[in-house]
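To convert, count from 1 in the sequence shown and add 169; that's this note's numbering.
Idealized CB from N, CA, C, for every residue including glycine.
A quick note: this is a predicted structure, and the numbers were derived from the prediction, not measured.
Data first, discussion second: the structure below is written as structure tokens.
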Amino acid sequence: MTRFHSVSAFVSRSGRHLADLLWPPACIGCGAAVMEPDRFCAACWKRLPHITSPRCIRYGVPLPFDLGPEAVSARAISDPPVFGRARGAFLYDGLARDLVHRLKYHDRTELARPLARAMAFAGHDLLADATGLVPIPLHRFRFFNRRYNQAALLAREIGLRHHLPVHYECLTRVKSTRPQVGLTRSERAENLAGAFRLSPTERLHVAGQRLILVDDVMTSSATGNAAARLLMRAGAASVDLLVFAVVANF
């Protein structure tokens, strides 16, 4: 290492140490002091409603009994999804729900990095096979009001961590849909019917690819199904779904 690189490294380390003194790392859940930035304290980590095995291999939801690595839920048998597999880091409750709301409604875009890290850990098996990421798009009116798409922020962070391309313009939301919360299963499907359009210029990025749809929450399978259906019809080899949180008993 040259003297220049040694001095640069020293200045960089000194800058980080000074920043830590002026703005010490804080837990993203409660603000308590932590050793590194973008981390949870031990108490908040325990509060998070983790999704752990056993879980349905298709929907990624917890199962009451361990029936083996290929076990599926009753929902996956009676109403199998269009996408192949779904994975989520947490149930959409408590602190996990609060974090989504901060990212989504309170301009806390810096939360995208730690939330994406948790998603990548939960979906490591999906990411190992993937060739690209497709964030679920917002309708232009909602994007105008919010100024950013939280799914795109999450996809960007996951793509950087796993060196995967993110196809931001692949899907367009052409229908302004109602929130899915509170709707019946049939109402959710009807709400999402015709909601997405595949960009003609993006078809080359779809055919033969193993894609992962990225979103913040899986309220039901309706959004993932609607988007996956378009991608599969365009020739995608496979389409999976990766989210931060899953609504319990969806």
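{"query": "Coil, strand or helix - glycine 301 by DSSP", "result": "strand"}
{"query": "Those runs of the beta strand (DSSP E) which lie wholly inside the region 362-412 and span at least 3 residues", "result": "365-367, 379-387"}
{"query": "Per-residue DSSP class, three states only, for leucine 352", "result": "coil"}
{"query": "Three-state class that DSSP yields for histidine 308 in the structure shown", "result": "strand"}
{"query": "Glutamate 205 versus alanine 195: straight-line alpha-carbon distance, rounded", "result": "8 angstroms"}
{"query": "Residues bridged to threonine 341 [DSSP beta-bridge criterion]", "result": "Arg366"}
{"query": "Nearest to glycine 404 (by Cα), restricted to the options Arg366, Leu373, Leu232, Leu280", "result": "Leu373"}
{"query": "Supposed contact pair glycine 301 and leucine 380 - C-beta distance, whole angstroms, cut 8 angstroms", "result": "5 angstroms"}
{"query": "Whole-angstrom distance between alanine 289 and glutamate 239, CA atom to CA atom", "result": "21 angstroms"}
{"query": "Where arginine 254 sits in the DSSP three-state scheme", "result": "coil"}
{"query": "Paired residues, beta bridge with alanine 414 - DSSP", "result": "Phe259, Val386"}
{"query": "Close beta carbons around methionine 170, own chain, < 7 angstroms, minus the five adjacent residues each side", "result": "Its pLDDT being 47, under 50, methionine 170 is placed unreliably by the model, and nothing is read from it."}
{"query": "Residues that valine 335 bridges to, as DSSP identifies them", "result": "Leu302"}
{"query": "Segment limits, alpha helix (DSSP H) that includes tryptophan 214", "result": "211-216"}
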